[in-house]
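>
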């Protein structure tokens, strides 16, 4: 998938839907300009599961702890980087590739000697560089095209790194000082764990050169969990989403920098809120970009139709950001995945507070990157499922048993069908204006028995409000009913689909529907 390709506009939030506008007529009576009518709801569409993939321990270097780190699509192949522990007790990063996402080849890379042979798919020992996430940098020279990040906690004693310190000794030292009455600040001055982000570069994603200097020193702030980084071409900067903490609550923080080795102070961008159950907690971000840009509205504010999408605080720029957020339910010790969406990567909302990846037979599920084109008609997101509850994994199972009750699967959706705009009864709404890009309009939709969709093309709503009228030949009386289940159905009016007379002009789309779900549109 090419994130720069202009694709359909998905219904994932209320942006782009005209909310209506009240006015007063010449007779002194109030009226509302083109309000939404009927019971319209955004409904998250839970992904269906694939069969498990790549979770079986096939080689001695995959004795335990198979954990997917990142999946990328490059051309006709899918590439996965994963962590494994060998029967020699060492941790490794490994690599595999696939054409269909289910059957994987583990090429003999010749990079690591294991048991006297380099005929394996190992990249390196994780003591060399423990990949947390990776991405392709389109601005980098060829030898640095791939970039990876890792998180490391380092022991500091008396202000200097102590490479010989162990976690047990560190905890004993802190406990002894606290017992003697030292304050928390005095204990931290003597001994603390400081978190740092490190990077590595590669020409091919296989041969990695670590960058010695930390990309960022985060000090004593806790930085556990995932760390997703990428290059944002729209903003011309590197961006990372990672976990943080705010008054004993987990949250998602965002960092950015114009250079890979210079990052700004992270800021909080997402956490649970009072509409969530009190015991819910955010376990990570699960960040990824929407697979394509969207042909969106040409104006988001102001006192008349039009605009550049940035006036009066508008944030539209054609891109959509997603987070497949693992939600940790503390009282039941279970984890499932919810969907959050954003137009700028800073302001986030959720279309619905239900799982988009359900637990099913598992007790905990965690999203992994990336959302990729799985087949001609489907998108897929890898996830990992655990058959034991979050807080009881270590107590109930040995590490080897943990590995046997862990599976990798794909969550799958038909294209652009992460969220539906649904009407169980009859409903109507109007989209804000957008340019007519092509010579026909296409709709991704699904109807139930007896359901239908009809489309009008109308003059865009204005402020102050005026009656909204259809373009000649594109009104409700000419609109053909759409029924069934279609990913890209051409919309017609009296059998005619040609929009060439409207190409380049601002139009609004008014949709009438009953017992139907809309997923996306393109005009």
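Residue numbers (the working numbering): -6 to 516. C-beta atoms are modelled at their ideal positions from N, C-alpha and C, and glycine is treated no differently. Note that this is a predicted model, so its numbers are computed, not measured.
1. Quick one: complete beta strand (DSSP E) runs, 3+ long, within the stretch 399 to 444?
2. Note the first and the last residue of the continuous beta strand (DSSP E) segment covering residue 318.
3. Can you tell me the Cβ-Cβ gap for residue 40 and residue 406, rounded? I've got them flagged as a contact below 8 Å.
4. Taking the alpha carbon of residue 32 as the reference point, which residue from 515, 514, 67 and 508 has its own alpha carbon closest?
5. Decide yes or no for the touch test of the stretch 63 to 75 against the stretch 365 to 375: beta carbon pairs closer than 8 Å, at least 3 of them.
6. Would you report the Cα separation of residue 456 and residue 235, rounded to the nearest angstrom?
7. Please give the ranges of any beta strand (DSSP E) in the stretch 120 to 160, keeping only runs that are unbroken, at least 3 residues long and fully inside the region.
8. Going by DSSP, name the residue or residues bridged to residue 515.
9. Can you tell me whether residue 10 is helix, strand or coil according to DSSP?
10. Leaving out the 5 sequence neighbours to the left and right, which residues in its chain are closer than 6 Å to residue 170 when beta-carbon positions are compared?
11. Are residue 253 and residue 237 close, meaning C-beta to C-beta below 8 Å?
12. Consult DSSP for residue 3 and reduce its assignment to one of helix, strand or coil.
13. So if DSSP puts residue 36 in a beta bridge, which residue, or which two residues, is it bridged to?
14. Per DSSP, which one or two residues make a beta bridge with residue 67?
15. Return yes when the Cβ of residue 409 is within less than 8 Å of the Cβ of residue 3, no when it is not.
16. Across which residues does DSSP place residue 329 in a beta bridge pair?
17. Taking residue 188 as part of the beta strand (DSSP E), name the residues at either end of that continuous run.
18. Using the rule of at least 16 other Cβ atoms within 10 Å of the residue's Cβ for burial, across every protein chain shown, is residue 350 buried or exposed?
19. Under the assumption that residue 528 contacts residue 26 (Cβ atoms under 8 Å), give the Cβ distance between them as a whole number of angstroms.
20. Residue 246 and residue 267 - do their beta-carbons sit closer together than 8 Å?
21. Kindly give me the distance between the Cβ atoms of residue 144 and residue 204, rounded to whole angstroms, as I take these residues to be in contact under 8 Å.
22. Taking contact to mean 3 or more Cβ pairs, one atom from each stretch, closer than 8 Å, check whether the stretch 426 to 438 and the stretch 41 to 52 are in contact.
23. Got a sec? Which residues, its chain only, sit under 8 Å from residue 264 by beta carbon, not counting five neighbours each side?
24. In this structure, does DSSP put residue 500 in helix, strand or coil?
25. Comparing C-alpha positions only, which one of 79, 138 and 127 sits nearest to residue 113?
26. For the beta strand (DSSP E) containing residue 117, list its first residue and its last residue.
27. With distances taken Cα to Cα, identify the nearest neighbour of residue 471 among 124, 447, 381 and 492.
28. Quick one: residues in its chain with C-beta nearer than 7 Å to the C-beta of residue 348, no 5 flanking neighbours on either side, listed in chain order?
29. Suppose you measure from the CA of residue 5 to the CA of residue 423; what does that come to, to the nearest Å?
30. If residue 454 and residue 497 are in contact, beta carbons under 8 Å, what's the gap, nearest whole angstrom?
31. Of all the beta strand (DSSP E) runs that stay within the bounds of the stretch 211 to 279, which reach a length of 3 or more residues?
32. For residue 54 versus residue 353, is the C-beta distance shorter than 8 Å?
33. Please state whether DSSP places residue 395 in a helix, a strand or coil.
34. Could you pull the DSSP bridge partners for residue 48 from this structure?
35. If you draw a straight line from the alpha carbon of residue 278 to that of residue 333, how long is it in whole angstroms?
36. What are the start and end residues of the beta strand (DSSP E) that includes residue 85?
Let me lay it out:
1. For the stretch 399 to 444, the full-length beta strand (DSSP E) segments reaching 3 residues or more read 399 to 407 and 412 to 423 along the chain.
2. Against the chain shown, residue 318 aligns to sequence position 325. For residue 318, the enclosing beta strand (DSSP E) has its first and last residue at 314 to 322.
3. As a working mapping, residue 40 is identified with position 47 in the chain shown. As a working mapping, residue 406 is identified with position 413 in the chain shown. Going by Cβ atoms, the distance from residue 40 to residue 406 rounds to 5 Å, so yes, they are a contact pair.
4. Reading the chain shown from its first residue, position 39 is the one you call residue 32. The shortest CA-to-CA distance from residue 32 to any of 515, 514, 67 and 508 is the one to 508.
5. Cβ pair count under 8 Å is three or more, so yes.
6. In the chain shown, counting from the first residue as 1, residue 456 sits at position 463. In the chain shown, counting from the first residue as 1, residue 235 sits at position 242. If you take the alpha carbons of residue 456 and residue 235, they lie about 42 Å apart.
7. Entirely contained in the stretch 120 to 160, the beta strand (DSSP E) runs reaching 3 residues are, in chain order, 126 to 129 and 139 to 150.
8. Counting from one through the chain shown, the residue named residue 515 turns up at place 522. 435, per the DSSP bridge assignment.
9. As a working mapping, residue 10 is identified with position 17 in the chain shown. Strand at residue 10.
10. The residue given as residue 170 occupies position 177 in the chain shown. Around residue 170: 180.
11. Position 260 of the chain shown, counted from the first residue, corresponds to residue 253. Position 244 of the chain shown, counted from the first residue, corresponds to residue 237. Contact: no.
12. Counting from one through the chain shown, the residue named residue 3 turns up at place 10. Note: residue 3 maps to strand in three-state DSSP.
13. In the chain shown, residue 36 corresponds to position 43, counting from 1. Bridge pairing for residue 36: 413 [DSSP].
14. For the purposes of this step, residue 67 is identified with residue 74 of the chain shown, where counting begins at 1. Beta-bridge pairing links residue 67 to 70.
15. Taking the first residue of the chain shown as 1, we reach residue 3 at position 10. Taking the first residue of the chain shown as 1, we reach residue 409 at position 416. In this structure, residue 409 lies closer than 8 Å to residue 3 by Cβ.
16. Counted from its first residue, the chain shown places residue 329 at position 336. Paired residues: 320.
17. In the chain shown, the residue the question calls residue 188 occupies position 195. Residue 188 -> beta strand (DSSP E) spans 184 to 195.
18. Translated into the one-based positions of the chain shown, residue 350 becomes position 357. Per the 10 Å Cβ criterion, buried.
19. Residue 528 lies beyond the residue range present for the chain, which begins at -6 and ends at 516; the question has no answer from this structure.
20. On the chain shown, residue 267 is found 274 positions in, with the first residue counted as 1. On the chain shown, residue 246 is found 253 positions in, with the first residue counted as 1. Judged by their CB atoms, residue 267 and residue 246 are not nearer to each other than the 8 Å cut-off.
21. Against the chain shown, residue 144 aligns to sequence position 151. Against the chain shown, residue 204 aligns to sequence position 211. Contact doesn't hold; Cβ gap of about 14 Å is too wide.
22. Fewer than three Cβ pairs drawn from the stretch 426 to 438 and the stretch 41 to 52 lie within less than 8 Å of each other, which leaves the two stretches out of contact.
23. Mapped onto the chain shown, residue 264 falls at position 271. Correct list, in chain order: 239, 242, 243, 244, 245 and 275.
24. Here residue 500 refers to the residue found at position 507 when the chain shown is read from its first residue. Correct three-state label for residue 500: strand.
25. Mapped onto the chain shown, residue 113 falls at position 120. Looking at the Cα atoms, 79 is the closest of the given residues.
26. Here residue 117 corresponds to residue number 124 of the chain shown, with the count starting at 1. Per DSSP, the continuous beta strand (DSSP E) segment holding residue 117 begins and ends at 115 to 118.
27. Taking the chain shown and counting its residues from 1, one reaches residue 471 at position 478. The shortest C-alpha separation from residue 471 is found at 447.
28. Taking the chain shown and counting its residues from 1, the one referred to as residue 348 is at position 355. The beta carbon of residue 348 sits closer than 7 Å to those of 39, 329, 330 and 331, all from its chain and outside the five residues before and after it, given in chain order.
29. By 1-based counting over the chain shown, the position of residue 5 is 12. By 1-based counting over the chain shown, the position of residue 423 is 430. Their backbone Cα atoms lie some 15 Å apart in a straight line.
30. Translated into the one-based positions of the chain shown, residue 454 becomes position 461. Translated into the one-based positions of the chain shown, residue 497 becomes position 504. Actually they are not in contact, since the Cβ atoms of residue 454 and residue 497 sit about 20 Å apart, beyond 8 Å.
31. Runs found: 220 to 225, 230 to 239, 242 to 250, 260 to 263 and 273 to 275.
32. By 1-based counting over the chain shown, the position of residue 54 is 61. By 1-based counting over the chain shown, the position of residue 353 is 360. For residue 54 and residue 353, no; Cβs fall outside 8 Å.
33. Looking up residue 395 in the chain shown gives position 402. Because the pLDDT at residue 395 is just 49, under 50, the model does not fix this residue reliably, and the point stays unresolved.
34. The residue labelled residue 48 in the question sits at position 55 within the chain shown. Answer by DSSP bridge pairing: none, since residue 48 is not bridged.
35. Position 285 of the chain shown, counted from the start, is the residue given in the question as residue 278. Position 340 of the chain shown, counted from the start, is the residue given in the question as residue 333. Answer to the nearest angstrom: the Cα atoms are 9 Å apart.
36. What you label residue 85 is simply residue 92 of the chain shown in a count that begins at 1. Per DSSP, residue 85 belongs to the beta strand (DSSP E) from 84 to 91.
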